[in-house]
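Notes for the one structure printed next.
8 protein chains.
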Amino acid sequence: MGEVIYGQGKPVDQIRMAMAELANHHPVLATRLSLEHGRELARTFPSGHLWEEAGLFCLGRNLEAADPKAPNSDLLIVTAGSTDLPVAREALGVARFLGLSASLVSDVGVAGLHRLMPHLGTLRQAKVLIAVAGMEGALPSVLGGLVKAPIIAVPTSTGYGANFAGLAPLLAMLNSCAPGVGVVNIDNGFGAAVLAKKILDGYA
Amino acid sequence: MGEVIYGQGKPVDQIRMAMAELANHHPVLATRLSLEHGRELARTFPSGHLWEEAGLFCLGRNLEAADPKAPNSDLLIVTAGSTDLPVAREALGVARFLGLSASLVSDVGVAGLHRLMPHLGTLRQAKVLIAVAGMEGALPSVLGGLVKAPIIAVPTSTGYGANFAGLAPLLAMLNSCAPGVGVVNIDNGFGAAVLAKKILDGYA
Amino acid sequence: MGEVIYGQGKPVDQIRMAMAELANHHPVLATRLSLEHGRELARTFPSGHLWEEAGLFCLGRNLEAADPKAPNSDLLIVTAGSTDLPVAREALGVARFLGLSASLVSDVGVAGLHRLMPHLGTLRQAKVLIAVAGMEGALPSVLGGLVKAPIIAVPTSTGYGANFAGLAPLLAMLNSCAPGVGVVNIDNGFGAAVLAKKILDGYA
Amino acid sequence: MGEVIYGQGKPVDQIRMAMAELANHHPVLATRLSLEHGRELARTFPSGHLWEEAGLFCLGRNLEAADPKAPNSDLLIVTAGSTDLPVAREALGVARFLGLSASLVSDVGVAGLHRLMPHLGTLRQAKVLIAVAGMEGALPSVLGGLVKAPIIAVPTSTGYGANFAGLAPLLAMLNSCAPGVGVVNIDNGFGAAVLAKKILDGYA
Amino acid sequence: MGEVIYGQGKPVDQIRMAMAELANHHPVLATRLSLEHGRELARTFPSGHLWEEAGLFCLGRNLEAADPKAPNSDLLIVTAGSTDLPVAREALGVARFLGLSASLVSDVGVAGLHRLMPHLGTLRQAKVLIAVAGMEGALPSVLGGLVKAPIIAVPTSTGYGANFAGLAPLLAMLNSCAPGVGVVNIDNGFGAAVLAKKILDGYA
Amino acid sequence: MGEVIYGQGKPVDQIRMAMAELANHHPVLATRLSLEHGRELARTFPSGHLWEEAGLFCLGRNLEAADPKAPNSDLLIVTAGSTDLPVAREALGVARFLGLSASLVSDVGVAGLHRLMPHLGTLRQAKVLIAVAGMEGALPSVLGGLVKAPIIAVPTSTGYGANFAGLAPLLAMLNSCAPGVGVVNIDNGFGAAVLAKKILDGYA
Amino acid sequence: MGEVIYGQGKPVDQIRMAMAELANHHPVLATRLSLEHGRELARTFPSGHLWEEAGLFCLGRNLEAADPKAPNSDLLIVTAGSTDLPVAREALGVARFLGLSASLVSDVGVAGLHRLMPHLGTLRQAKVLIAVAGMEGALPSVLGGLVKAPIIAVPTSTGYGANFAGLAPLLAMLNSCAPGVGVVNIDNGFGAAVLAKKILDGYA
Amino acid sequence: MGEVIYGQGKPVDQIRMAMAELANHHPVLATRLSLEHGRELARTFPSGHLWEEAGLFCLGRNLEAADPKAPNSDLLIVTAGSTDLPVAREALGVARFLGLSASLVSDVGVAGLHRLMPHLGTLRQAKVLIAVAGMEGALPSVLGGLVKAPIIAVPTSTGYGANFAGLAPLLAMLNSCAPGVGVVNIDNGFGAAVLAKKILDGYA
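Protein chains in written order, with my numbering: chain A, 16 to 219; chain B, 16 to 219; chain C, 16 to 219; chain D, 16 to 219; chain E, 16 to 219; chain F, 16 to 219; chain G, 16 to 219; chain H, 16 to 219.
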């Protein structure tokens, strides 16, 4: 299906070499790229696709292309606030790289139910949801009361002070009063997309 | 207005003596009483009023009496789940002891918006809200998007595992995406009621 | 499908009343019961089924009955050590209560790969796995390299000292090098079974 | 009343665009600005007002203008030490942006009661107090014994070592022996001002 | 000068044997005794002195005897609240056992400066102070602004919720804005008295 | 005696202005200076004394001058490893600024008793000791068994990994098996010197 | 060589059955037994050997028998204080069960070097050392400077307050300034003995 | 055998001077060098050997030279992922500096047993293993079930979010279900090599 290279903390040369080698056989995706590393890869591989806001660079697929099924995607990624977008976009890009039909509903945090409710139809149509939230991390709990599909919760390190770099939403999600929420590591958009892929593969 | 004795961890004799002494001059309230201590005080002071479910014993006032203004109380105490009730009742009893018009809406956690929404009128009528929640502690965030009144958030130690005895909802409440939430200590129904009293005193 | 009552920390009278009321309409399951509470419920409702080792009491279904599809169940629950069994049995009983075909493979912790490997066929046949582990919580990582199905990870509070009541396996599971693991709260067999139900419902 | 943009961690372009759009309809305030971002906004919007020490930039109001009612303001912001000033100024600027009558008493930490006591008249005149403190976070406790008005406590990340970036004063404030203190997140001057606004709106 | 036996968690037989052996040569003090252990020692050694409220049993000295120099003692032990008294009494008893002139001022927590201020003369006369406080642990900071003598701070595990069994006052004391406070372990009245002894020995 | 300005995190202009103002009346000491800030102050005040390794700049005294009484100083500062030296030097400089007779014995960590033992005479001659240690923070415990004088323990943030920026030695020092050790905040050489000053003032 | 059953938290019936089954083929050791469980096993298996102070019960070997090689044992277990003895005895009993020549030196904590030093010859003769310590956990660091053999460090949960149930010595041991110390879990005497066995097996 | 200088956080001048002085008598190794410091040392001492990827610089030995005994080395260093390599190389280089026969097997994390199993012969031949792993830190547990030799576990700070800079694998390793694992500090390749040296010295 393709290979994924985790880019954080790696020298750009190492990523470049790995991409060149793997791209002979498969599509390749590099994640967690800094702006500079992403742009350097784009110069090396002009045929590739760089999605700066998601920290992704891909050879062999276009991650940002509109999903023809949207807003009826199998996978719906939902975010609480605009600062959660980079993680949500990582999940979205990885999901598309893995061949999923996926789209994004953003900025529907729980203090603004009036922004969430108009999306209820879309939310209920998705087969799997990924809820991305920092701050108090309550989005999966509210969603869990509204939809029947499995929910994958991604805490983000958005916030300050007693957020403790994502600990607050992580604990909140693990303690969700909506049963049946599966939690992944803080900022782990990649892992959420892989779990969604595994669930959706079972449906096929 | 009355005196309050914090009963937790104190020998019942010490509480009894303090009550006897203070009751000559004021109404007196003892909080955080175990079932045994509460009943022993009720035997000593037959004219007093014991509210077992709230851990309260009072000389000189009846804490459980229906509030004549309810459901139009100045102070509305809202709970997420039924396990939050002991803390909510402590807040309710203390509020009434302090002379406030207060009532309680319970079991309206964020995974059940359909249970919360019918109370919207009542919620918006209150001058101050106390939101009591364990688990992921999201109730104040949702309320903060629905009402304009100040919200006092009380995390409870309800939960297990990664709840860490109330740490999860405490952090969630401190990180609420609804600005303007004031948080008190875990299980501190008493402190929430006192803060409500101070705010409402300013309105008078 | 049935109603579930969380029994931990609740007085037995409250559980009994709730069961009596709900059982008129649905099967009812009470979870997290102490031995005494479970036996008291069994005396009150002689037609019910008590599973002591799982802390479960059920009216209207038999949770321990051998699954006719086993070992080809849709849901496979896998445990690292024998001290993880109570949580695994909670997951198993809840899954059966929810109507899932579920079975259990136990005592296949990662320090004994020779005990895990003979189950490889069974592991690969399941549509969803629940991995229950205390100590270092490595079971989901090893399973993630062996099967393609989604894995739900349940850390248990088994252990002592630097286990910190389940914190060690919780963190390990959130950091699994096998991507696509969804984690639930410490000891939360119930939540794992509900998530499995949601995923398997999508397959139907 | 106006719109507020949280500026921390956002690219200056994003803040600039949001300000331009919102300023057509309302006064707009950007918070948590770095020095560079603040100055860049001031160059873009020469009619705006930059308060560097508070990390604030405002279109449509002057935040630093002397409050005509001072020192008889409705809201009094009190700080323990001079390193708490940026957070206190954020609270002050936001309060004025929200239309409150607000002023500031600074450097009256609890190890210098002789500096605090001369302000007793001013302290007792305010309808709401915001106490801003790092280090051991004791200011709200001392104030709580001196005034009857509600106190909003803001821990700051001032300090080093076992301060743990504001954890020490946060815990101290949650454990205040003066009942009726509402705590907000570490360094959250904005949230404190919003809570003060909600309380004071009730008085009007 | 005498021997001290730390009694917590030890079987009473082991304490009894140690006392019997040591008492031949020196005064002996056992600390951290449960009520039962204390009373059992008192039955074994009728000439000994049991101070139940301090968890102390002593052979060869009377710990509770009024100090002839009080209130002009060299060492003054000051407590914030009445729940801090057991730890304060441990410090007082140990100090007297070590031969110090020591007395106690209690219930002068920082939310009640009007209760603290009348003791100012006594406070300023002491050569060393021990400040015992739970909750927000602010007492040493306030004292540090009022006296010149060295202050030994003892956090207590008094409190609940976000007190985390004494962590809150421990951190507060380590972060005191009054420089020159020496902190000992939570509830460690014994250690505080020994440090006072070492300091006062230097004065002699 | 002089004024001290805490320099960490403050703009150099603010420190400069404060020094200029205070220096008219007293000796002034600035602490926690970065290399750049220290050198900038030295250029502004050529008569001042900069001690780079200690992060100190002083007007009106020379902090590094050999102590005429050494090695028979009243105050002895002892360090475990060479990485603890900056904190130890801060303590030494502040002590001299405060007028104490103070000297330093370094690199005598507990894994090298053969390096500690030759200093036994010097150690036993001091009236007060400050023990500065990172890593496992065991130095005060070993010293406590060798000398009778009061010991002030300063944990340092030296170390990595499970040191958690000084938490490891802080906890070790609070749990010292040598009773009578007073602990100050991590890296708080200043506070240790002030406490030594208060103790030694009592001896005078 | 024998089988080991971890007894903590297991019903005595389960342990009894496991022992009966395994004892047909090997010596069997049960660890972490409560007093009651140990005595119940001793009644069931009168030929077995119960070591109450170590929480051990053994079929087929005598764990307490004096080691003929002592004090020249291959393995030397060293403890800081008397409260560390139960863990040290677990290590000693397990080591003997595993066939090692092992003995014990106790109560040589680092605040009493004069008690440690007389054992220097014995310490230097051992091929492997196990250092058991609670409180500040400094013993392995001091030993590491005195002997060349590998040191296995066992933190114990002895202590109170900021000991945090063994966290303080655990962190201290991980940060030992003596390189080459291998740490096991808090109170894990069993694991330390097994590691010693593995090392000593290599010497044979 | 040689001297080792810990280079982290030290000015390059200090390292250079120490190396120059010590190199007259012994081989010298500097560890934890930044790229710049390493290269600067290489310019100063052209006869030395810089191993950039390991942060090591050595005078008097070549650390990277192929081990003539490999893959039958006495010490085998095993890593889970490629990001663990810097720590593993530090261990390898230090081991060789200390004169050990040591080699490295990398990228055999527990989610890829098919990559680990081909090395089984090599793993079982080693006399001591060092297992280096970040993420969930499960490698020592799996190895412990496969080999009989003692295992030294090194957690690395590889990872993000709930990894908490190495805390997750540290706790996992301390809780390993494979008994007999000795753990060193996070990223402490040096300490692991020294412990291996002490163990192997006993075999000689």
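Just so you know, even glycine gets a beta-carbon here, dropped at the ideal spot from N, CA and C. None of these values were measured; they are calculated from a predicted model.
Chain F residues whose Cβ lies nearer than 8 Å to that of residue i
i: L220/H; result: Residue coverage of chain H in this structure runs from 16 to 219, which leaves residue 220/H outside it and unanswerable.
Amino acids of chain D, ordered along the chain, whose beta-carbon sits closer than 8 Å to that of residue i
i: A141/E; result: Per Cβ cutoff of 8 Å: no residues; A141/E is ~18 Å from chain D at best.
i: L37/B; result: Neighbours of L37/B on chain D: none; closest Cβ ~17 Å, over 8 Å.
Cross-chain neighbours of residue i in chain A, by beta carbon under 7 Å
i: F72/C; result: Here the premise fails: no neighbours, minimum Cβ distance about 19 Å.
i: S156/B; result: V125, A126, E151 and A153
Rounded separation between residue i and residue j - CA only
i: C73/B; j: R104/B; result: 14 Å
i: L202/H; j: G17/H; result: The sequence given here places Asp at residue 202/H; Leu does not occur at that position. Cα to Cα, the separation comes out at about 22 Å.
i: I30/A; j: A45/A; result: 8 Å
i: A33/G; j: A207/C; result: 30 Å
i: Y21/H; j: V143/H; result: 24 Å
i: D216/D; j: T94/D; result: 24 Å
i: S49/D; j: V199/E; result: 40 Å
i: V102/A; j: V196/A; result: 18 Å
i: L65/H; j: L210/H; result: 24 Å
i: G136/A; j: A168/B; result: 32 Å
i: K84/A; j: I214/A; result: 19 Å
i: L100/D; j: V27/F; result: 17 Å
i: S62/F; j: V162/G; result: 52 Å
i: L115/A; j: L154/C; result: 28 Å
i: L138/F; j: L131/F; result: 9 Å
i: N77/C; j: P165/C; result: 27 Å
Interface residues of chain I facing residue i [CB-CB closer than 7 Å]
i: G124/D; result: No chain I appears in this structure, whose protein chains are A, B, C, D, E, F, G and H.
Residue i: contacting residues in chain E (beta-carbon distance under 8 Å)
i: V109/D; result: Going along chain E, no residue has its Cβ under 8 Å from V109/D, so there is no contact; the nearest lies around 26 Å.
Residues that residue i contacts on chain B, provided the C-beta gap is smaller than 9 Å
i: G96/A; result: C192
Expected contact under 8 Å - CB spacing of residue i and residue j to nearest Å
i: V125/E; j: G160/D; result: 7 Å
i: G108/F; j: A187/G; result: That belief does not hold up - the Cβ atoms of G108/F and A187/G are roughly 29 Å apart, past 8 Å.
i: T171/G; j: G24/E; result: Their Cβ separation, rounded to whole angstroms, is 12 Å, which puts T171/G and G24/E out of contact at 8 Å.
i: I92/H; j: V147/H; result: 7 Å
Counted within 10 angstroms of its Cβ, other Cβ atoms place residue i as buried (16 or more) or exposed
i: A69/A; result: buried
i: Y218/A; result: exposed
i: A80/A; result: exposed
i: K212/F; result: buried
i: N178/C; result: buried
i: R58/E; result: exposed
Within chain C, partners of residue i - CB distance below 9 Å
i: K189/H; result: Correcting the residue identity first, residue 189/H is Leu in this sequence and not Lys. The answer, in chain order, is E151, G176, A177, N178 and A183.
9 Å Cβ cut-off: residues of chain F touching residue i
i: F205/E; result: P194
Within chain G, partners of residue i - CB distance below 8 Å
i: G127/F; result: G160
- Task: Check whether the segment 171–191 of chain B touches the segment 188–195 of chain A, taking contact to mean three or more Cβ pairs, one atom from each stretch, closer than 8 Å.
- Result: Touching, yes.
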